[in-house]
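With my numbering, letter number 146 in the sequence shown gets 1247, and the count goes up by one each step, no holes. Where is the CB? At the ideal position from N, CA and C, for every residue including glycine. Let me begin by presenting the structure, written as structure tokens, before commenting on it.
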Amino acid sequence: MTEITIDGLKKTYNTEDSEIVAVDDLDIEIEDGEFIVLVGPSGCGKSTTLRCIAGLESITEGEVHFDGRVVNDLRSRDRNVAMVFQNYALYPHMNVEQNMSFGLKLSSKLSSEEISSRVTDAATMLGIDDLLSKKPGELSGGQQQRVALGRAIVREPGVFLMDEPLSNLDAKLRAGMRTEIQELQNDLDVTTIYVTHDQTEAMAMGDRIAVLSDGILQQIDVPEELYRNPTNEFVADFIGSPSINLFDVEVQGQTLIGPNGFTYEMATYETGDHRRLRMGVRPEDIEIDDSGSELAVSVVEKMGNENFIYGQLGGKEIVARTDASIRPEPDDQVGIRFDEESVYLFDTQTGASIKTKTDEISPSQTQI
Ligand code: ADP
Ligand code: MG
């Protein structure tokens, strides 16, 4: 229902002794009906971006457009956006029905029949129609978050803005609600910007994902591209769990020389004239091989369906993610191997990607 263009968005906060740049020169184009996730570590500017789009925060520089119209100076309530927060912000003295209808009663001229029917429809959609007369204090965390979602849905907004809405829920419920929110967004087809610091959540939910660091957009892409073809070391390291293994290597011809003499021969990839590089290998790309002795196993985490094998490779801890049938013991020495295709290389100075998993490097939408 709404197409959003963020054009050179900058937001600074002035404190007594300094100026904090919370968001810097952010460009994102979001299609009508798209589900975009903003992800990055705490403090990277996710909430600030969302609040600027919502109109809860003034914009220092740049423009936010809804359907081609600049909304910088439009009041929040005139932007037709609905926000869902981590703390559900429900009114404790009101029951579910009242919590869901309160905003509509204030802000719209809808008849009470129309409001009541919207509330019933949203409550049914969220499976909380039998809770309408309960107070928030009588509800579980998951139920309260459904009420907060319901309150957003009844407004039939053009944009949903969700700021870590699942962070207060336990892991199992969170995974369930993740799917529910995706289904809901699919059904309603409302443009959604969803903020999380959790890369797993981001990867699971987003049509596209925007990775932020220190107020700066690193990359915006579909999950597979972020994983296979990160624009830089930050994105490579942030996406994937356990994280990618990274080493400093020296380049001698086609040989990469790692910590304490660990070497890797690049058979086909031309290493060019770099003398030093950062090398990255994802845990799932490392195979454990009984015949070698590079890795001194320290810990084996048995997950049931797979194992995480931690060990020292030339004094540096790395982790391999293997089949559950591979289970060396702590203190064992095992070999490791990985394909050249799976090797990532980064510039040691800038962190920019030099080699990723894809040979044909398709251009990302945004690169720093
Ligand atoms: P995130 O949501 O990614 O954790 P925020 O957008 O909340 O990050 O914050 C981005 C940066 O802006 C942080 O450095 C934070 O301390 C700062 N910041 C956020 N809000 C304010 C404010 N009202 N006053 C001063 N600094 C702020
Ligand atoms: Mg935040």
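Beta bridge counterpart(s) of residue i as assigned by DSSP
i: A1397; result: Q1413, Q1434
i: E1423; result: Looking at the sequence provided, one finds Thr at residue 1423 rather than Glu. Answer is N1408, bridged to T1423.
i: Y1370; result: Looking at the DSSP assignment, Y1370 forms no beta bridge with any residue, so it has no partner.
i: H1166; result: T1106, V1171
i: N1115; result: E1120
i: K1235; result: Beta-bridge pairing links K1235 to no other residue.
i: V1138; result: Y1295, I1310
i: A1155; result: Beta-bridge pairing links A1155 to no other residue.
i: K1063; result: There is no way to answer for residue 1063, as the model of the chain reaches only from 1102 to 1469.
i: Y1189; result: DSSP, once it has assigned bridges, lists no residue as partnering Y1189.
i: V1220; result: Partner(s): none; V1220 has no beta bridge.
Supposed contact pair residue j and residue i - C-beta distance, whole angstroms, cut 8 Å
i: V1352; j: L1378; result: 6 Å
i: I1294; j: L1274; result: Actually they are not in contact, since the Cβ atoms of I1294 and L1274 sit about 22 Å apart, beyond 8 Å.
i: A1190; j: A1249; result: 7 Å
i: V1382; j: S1443; result: 6 Å
i: I1310; j: L1327; result: 6 Å
i: D1133; j: M1102; result: 6 Å
i: R1438; j: E1388; result: 5 Å
i: N1181; j: P1258; result: 5 Å
i: G1362; j: V1350; result: Not really, about 11 Å apart at Cβ, beyond 8 Å.
i: G1307; j: P1324; result: 7 Å
Cβ-heavy atom distance, residue i to the ligand ADP, below 7 Å
i: K1417; result: no
i: S1143; result: yes
i: I1121; result: yes
i: S1212; result: no
i: T1301; result: no
i: T1149; result: yes
i: T1116; result: yes
i: G1146; result: yes
DSSP three-state assignment for residue i, whether helix, strand or coil
i: S1335; result: In the sequence as displayed, the identity of residue 1335 is Phe instead of Ser. If DSSP states are grouped into helix, strand and coil, F1335 belongs with the helices.
i: M1195; result: coil
i: P1464; result: The pLDDT assigned to P1464 is 45, lower than 50, so where the model puts this residue is not dependable, and the model offers no usable value.
i: M1263; result: strand
i: K1496; result: For residue 1496 there is no data in the structure shown, the boundaries of the chain being 1102 and 1469.
i: A1303; result: helix
i: S1344; result: coil
i: G1204; result: helix
i: D1128; result: strand
i: Y1328; result: helix
i: R1279; result: helix
i: L1250; result: helix
i: L1285; result: helix
i: R1379; result: strand
i: D1133; result: coil
i: Q1319; result: strand
i: T1161; result: coil
i: V1182; result: strand
i: Q1355; result: coil
i: K1210; result: coil
i: E1385; result: helix
i: E1402; result: strand
i: T1451; result: coil
i: D1470; result: Past the boundaries of the shown model lies residue 1470; the chain is included only from 1102 to 1469, so the question cannot be answered.
Check: residue i C-beta below 7 Å from any heavy atom of the ligand MG
i: S1521; result: The displayed coordinates of the chain run from 1102 to 1469. Any statement about residue 1521 would go beyond what the structure contains.
i: E1265; result: yes
i: K1112; result: no
i: S1268; result: no
i: I1314; result: First, the residue type needs correcting, since residue 1314 is Ser and not Ile in the sequence shown. Not so, every heavy atom of the ligand MG lies at least 7 Å from the Cβ.
6 Å CB neighbourhood of residue i in its chain, flanking five on each side removed
i: I1160; result: C1153, N1173
i: E1163; result: Looking at the sequence itself, residue 1163 is Gly, so the reference to Glu does not match. Here the set comprises D1108, G1109, L1110, K1111.
i: M1201; result: V1220, G1251, R1252, V1255
i: G1482; result: One cannot answer for residue 1482 here, as it falls past the ends of the chain, which runs 1102 to 1469.
i: G1316; result: V1122, A1123, V1124, D1125, G1146
Spatial neighbours of residue i in its chain, beta-carbon cut-off 7 Å, leaving aside the 5 residues before and after
i: L1232; result: V1197, L1240, Q1244
i: S1177; result: A1155, G1156, L1157
i: S1148; result: D1264, V1296
Neighbourhood of residue i by C-beta distance below 8 Å, restricted to the same chain and skipping five residues each side
i: S1234; result: N1196, V1197, E1198
i: A1425; result: K1403, M1404, G1405, N1406, E1407, N1408
i: H1194; result: K1236
Residue-level contact to chain B via CB, residue i, 8 Å cutoff
i: D1108; result: Going by chain labels, chain B is absent from the structure shown, which holds only one protein chain.
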